[in-house]
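Q:
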Amino acid sequence: MWPSFRSSLLRSARGQRPNAAQRKRNNRAVYTSQDEHFMREALALAALGMNTTTPNPRVGCVLVKAGEVVGTGWHERAGQPHAEALAIAQAGTHRAAGSTAYITLEPCSHFGRTPPCAEALRTAGVERVIVAMQDPNPRVSGRGMQMLRDAGIDVRCGLLAEEAAELNPGFIQR
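Set out below in structure tokens:
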């Protein structure tokens, strides 16, 4: 038996529940406390778009390099630059390259009033992308993350997904 599976069976037999770190490991993607910290920052940024982004979702993005925030952004108004583009612009190309992006919603992969954010992240040289939740919009839904993976970028999804969903109930229900 695999050690983690065996220990989870033993805990369950003893009536013990796995801690948060063990649950995260068992769900494949392993997130650090630093990942959670920066995603919470991205969620706080997304909340700044309350009542201004309709019909678009509220999205926040934090770019981190060597443990330091190098760029932040949130989607401020429909038709204006998205969170990822603002964070990249703030960081500049040198600091964005090799960074990790913490984003509350999957980056868009299509042209609308703004260019695709997945392409902007790839072009900026971001090495790792942590996404809180997949975009339910059929034009995106998995395509943004796949575009990044196809470019060799490490992409993980699901960190604080419930909190991200709470920011956009109307967008998710459409």
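In the working numbering, the protein residues as written are 827 to 1000. For each residue, glycine too, the CB sits at the ideal point set by N, CA and C.
Tell me the DSSP bridge mates of G886?
A: W900
Q: Considering just the uninterrupted stretch of the alpha helix (DSSP H) at C943, what are its terminal residues?
A: Counting along the chain, C943 sits inside the alpha helix (DSSP H) bounded by residues C943 to A950.
Q: Please work out which residues of its chain come closer than 7 Å, Cβ to Cβ, to A873, disregarding the five sequence neighbours upstream and downstream, and give them in chain order.
A: R884 and L993
Q: Smallest Cα separation from N882: which of C943, E862, H908 and A922?
A: H908
Q: What does the alpha-carbon distance come out to for the pair C983 and R954?
A: 11 Å
Q: Let me confirm a value: T858 is counted as buried when at least 16 other C-beta atoms fall within 10 Å, else exposed. Which label applies?
A: With fewer than 16 other Cβ atoms inside 10 Å of its own Cβ, T858 counts as exposed.
Q: Skipping 5 residues on each side, what residues in its chain have a beta carbon closer than 7 Å to that of Q999?
A: Here the set comprises nothing.
Q: Excluding sequence positions up to five away, which residues of its chain have a Cβ less than 6 Å from the Cβ of A923?
A: Cβ neighbours of A923 beyond the five flanking positions: G951.
Q: Which same chain residues end up closer than 6 Å to C943 when comparing Cβ atoms and leaving out the 5 residues on each side of it in sequence?
A: H908, E910, P933 and C934
Q: Would you report the Cα separation of A892 and Q972, rounded to the nearest angstrom?
A: Going from the Cα of A892 to the Cα of Q972 covers about 25 Å.
Q: Could you work out which residue in C887, G875, M876 and N877 is closest to D861 when comparing CA atoms only?
A: Nearest in C-alpha terms to D861, of all of C887, G875, M876 and N877, is C887.
Q: Using the Cα positions of G996 and A904, report the straight-line distance between them to the nearest angstrom.
A: 15 Å
Q: Mind checking who R982 pairs with in its DSSP beta bridge?
A: I956
Q: Under the three-state reduction of DSSP, which class applies to A927: helix, strand or coil?
A: strand
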